[in-house]
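A.B. asks: Numbering (UniProt numbering), first residue to last: 1 to 84.
1) Is residue 39 helix, strand or coil by DSSP?
2) Can you name the residues that DSSP bridges to residue 24?
3) Would you grab the beta carbon distance between residue 37 and residue 25 for me? Rounded to a whole angstrom, and I think it's under 8 Å.
4) Within a Cβ cutoff of 7 Å, which residues of the same chain sit near residue 5, ignoring the five residues on either side of it in sequence?
5) CA-CA distance, residue 57 and residue 45?
Have a look at this one:
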């Protein structure tokens with residue numbers, strides 16, 4: 001059986017997600033409140049935005065999340081060093 005792939009996986013997976021909805025799992029924890037998710041069926045990626053809703057993970061959002069993760073990590077390590 002020949003399968004055709006789309007940008008979000010193969011056609012059967014996309015059909016499954018269109019019919020039943022996506023099944024997202026956390027793929028990356030950016031901060032305590034912001035995470036990146038990936039659908040296990042169609043591989044669609046989303047992230048939480050400033051209002052806490054899921055939005056598409058665009059290259060711009062990936063860059064924002066990366067910068068935010070760096071700032072969060074630096075701040076967290078600085079607080080640990082000050083306490084110790």
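Ideal placement from N, C-alpha and C gives every residue a C-beta, glycine not left out.
C.D. replies: Let's see:
1) The residue you call residue 39 lines up with position 39 of the chain shown. Residue 39: strand per DSSP, three-state reduction.
2) Residue 24 sits at position 24 when you count from the first residue of the chain shown. 39.
3) If you number the chain shown from 1, residue 37 lands on position 37. If you number the chain shown from 1, residue 25 lands on position 25. Indeed they touch by this definition, with Cβ atoms about 7 Å apart.
4) Locating residue 5 in the chain shown gives position 5, counting from the first residue. For residue 5, the predicted model reports a pLDDT of 45, less than 50, meaning its position is unreliable; a value from the coordinates is still stated below. Non-local beta-carbon contacts of residue 5 in its own chain, meaning distances under 7 Å to residues more than five positions away in sequence, are absent.
5) As a working mapping, residue 57 is identified with position 57 in the chain shown. As a working mapping, residue 45 is identified with position 45 in the chain shown. C-alpha separation (whole angstroms): 6 Å.
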